[in-house]
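Notes for the one structure printed next.
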Ligand SMILES: *Cc1c(COP(=O)(O)O)cnc(C)c1O
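In the working numbering, the protein residues as written are 1 to 395.
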């Protein structure tokens, strides 16, 4: 089928929820993608940090193939070993409490919201509130959406859930003031991804931690985009002065297979009880086998050090380019602020044509989420392509 034919089907049969780039990809390997015409692309977006260890990583492919041929699904009414092993691995590598599995990031957040509300009811709070940051992104189900101020304000989708409030990003004072005796949780990202890669300041994180401790609320960090080695530590919070009570993971967790997880510290581990939550598919053997294979690769100090080093090289290269005002982020999660007047969507479209996949999460901003195993030469190549595009197509 040609791209034109695929687009025609899409036009007729798919809900118009996405504006897609004009490519249909048919194959991926490592940092590379190929379209239906055989054209090669360097992928510096990795399916929004999902294929973080590269496309079709052999260890993930083998784990999925093996598990798929043996047992795909039995539901959560029975035990399966990969789920139990993955829960152990996630808990022991982070907060030390219990794990609930989900099928996506949004659902992991949904579980975190439930934990926070039930924990608050346990403290006799009748109308629990969750505080988040403007610009934050936590997903698109009504709970997660209600905690995503930029999207929750769309009146056509209302009414939102009650019990959510937001304060300006990185306004530590406003955050402190918003937390009171009705607060169930503060829910924020260590680095806002969808907003355009804005790190949450240590000051804000410490204010959140302290305010939560003072009133007995939970600090929930949404690590769906920042987790699994993206920032150069297994979890982004590990490079900050705070430790959350609850954490959400998804995106890179399954290496391309859908899976999410809500991970707790002991303080929140026993909040949910039988009947409180569930999911037919979640934690199934194929997804959890894939995640175990991803963790084998990512939970490695040498790889994480390399992520920090390559991130620094990438940012240095980008900052030397005419047209780049600044870069933001940590590790291999990089936002590129373009100088005023540069059309970011046009730049990204030109880069796609030149064979580099990136995206534009916010006006004037490129986001780069390259594979964690990217080669130094591929970083050079990406910087060169962005430099050429800035000079030739946009200047
Ligand atoms: C992507 C993302 C989500 C939503 O995850 P889905 O898998 O799309 O449901 C939530 N929070 C953050 C920080 C994300 O980056």
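For every residue, glycine included, the Cβ atom is placed at its ideal position computed from N, Cα and C. This one's a predicted model, so the numbers in the text were calculated from it and none came from an experiment.
Integer-rounded CB distance, given that residue j should sit under 8 Å from residue i
i           : j           : result
residue 278 : residue 76  : 6 Å
residue 132 : residue 164 : 7 Å
residue 308 : residue 331 : 6 Å
residue 291 : residue 259 : 6 Å
residue 321 : residue 386 : 6 Å
residue 160 : residue 172 : Contact doesn't hold; Cβ gap of about 25 Å is too wide.
residue 369 : residue 45  : 6 Å
residue 216 : residue 123 : 6 Å
Residue burial classification, residue i (beta-carbon count within 10 angstroms, cutoff 16)
i           : result
residue 73  : exposed
residue 170 : buried
residue 266 : exposed
residue 79  : exposed
residue 380 : exposed
residue 157 : exposed
residue 1   : exposed
residue 378 : buried
residue 69  : exposed
residue 480 : This structure cannot speak to residue 480, because the chain is shown only from 1 to 395.
residue 40  : exposed
residue 400 : Since the first and last residues shown for the chain are 1 and 395, residue 400 lies out of range.
residue 28  : buried
residue 282 : buried
residue 15  : exposed
residue 149 : buried
residue 107 : buried
residue 337 : buried
residue 17  : exposed
residue 280 : exposed
residue 232 : buried
residue 38  : exposed
residue 257 : buried
residue 13  : exposed
residue 346 : exposed
residue 396 : This structure does not reach residue 396, given that the chain is present from 1 up to 395, and the question cannot be answered.
8 Å Cβ cutoff met for residue i and residue j
i           : j           : result
residue 293 : residue 84  : no
residue 333 : residue 246 : no
residue 397 : residue 31  : There is simply no residue 397 to check, as the chain begins at 1 and stops at 395 in what is shown.
residue 33  : residue 43  : yes
residue 303 : residue 372 : yes
residue 116 : residue 59  : no
residue 218 : residue 268 : yes
residue 384 : residue 365 : no
residue 9   : residue 36  : no
residue 53  : residue 254 : no
residue 203 : residue 167 : no
residue 138 : residue 128 : no
residue 390 : residue 298 : no
residue 82  : residue 67  : yes
residue 222 : residue 248 : yes
residue 250 : residue 47  : no
residue 286 : residue 376 : no
residue 382 : residue 352 : no
residue 393 : residue 350 : yes
residue 227 : residue 252 : yes
residue 300 : residue 118 : no
residue 335 : residue 305 : no
Residue-level contact to chain D via CB, residue i, 8 Å cutoff
i           : result
residue 121 : As a matter of chain content, chain D is missing from the structure shown, which is built from one protein chain.
Take every Cβ of the stretch 94–113, pair it with every Cβ of the stretch 317–330, and state whether three or more of those distances are shorter than 8 Å.
The answer is no - the stretch 317–330 does not touch the stretch 94–113, with fewer than three Cβ pairs under 8 Å.
Can you confirm whether the stretch 348–364 touches the stretch 188–207 when touching is taken to mean that 3 or more C-beta pairs between the two stretches lie within less than 8 Å?
yes
Counting pairs of Cβ atoms below 8 Å between the stretch 241–256 and the stretch 205–213, do you hit three or more?
Contact check between the stretch 241–256 and the stretch 205–213: three or more CB pairs, one atom from each, fall below 8 Å, which counts as touching.
Quick one: any contact between the stretch 87–96 and the stretch 258–274, if contact means 3 or more CB pairs under 8 Å?
Yes: the two stretches touch, three or more of their Cβ pairs being nearer than 8 Å.
Please go through the stretch 297–339 and give each complete alpha helix (DSSP H) segment of 4 or more residues, from N-terminal end onward.
Runs of the alpha helix (DSSP H) inside the stretch 297–339: 301–319.
Any alpha helix (DSSP H) of 4 or more consecutive residues that is wholly inside the stretch 129–196:
142–146, 149–152, 172–178
Meets three-Cβ-pair contact criterion under 8 Å: the stretch 142–153 and the stretch 174–182
no
Can you check the stretch 60–102 for any beta strand (DSSP E) of at least 3 residues that lies completely inside it and give the ranges in chain order?
99–102
Enumerated in chain order, which unbroken segments of the alpha helix (DSSP H) with a length of 4 residues or greater are wholly contained in the stretch 364–395?
376–389
With a floor of 3 residues, list each beta strand (DSSP E) that falls wholly inside the stretch 198–284, ordered by position along the chain.
218–222, 246–249, 260–264
Quick check for students: name the residue ranges of the beta strand (DSSP E) that lie wholly in the stretch 22–63, counting only runs of 3 or more.
25–29, 32–35, 40–43
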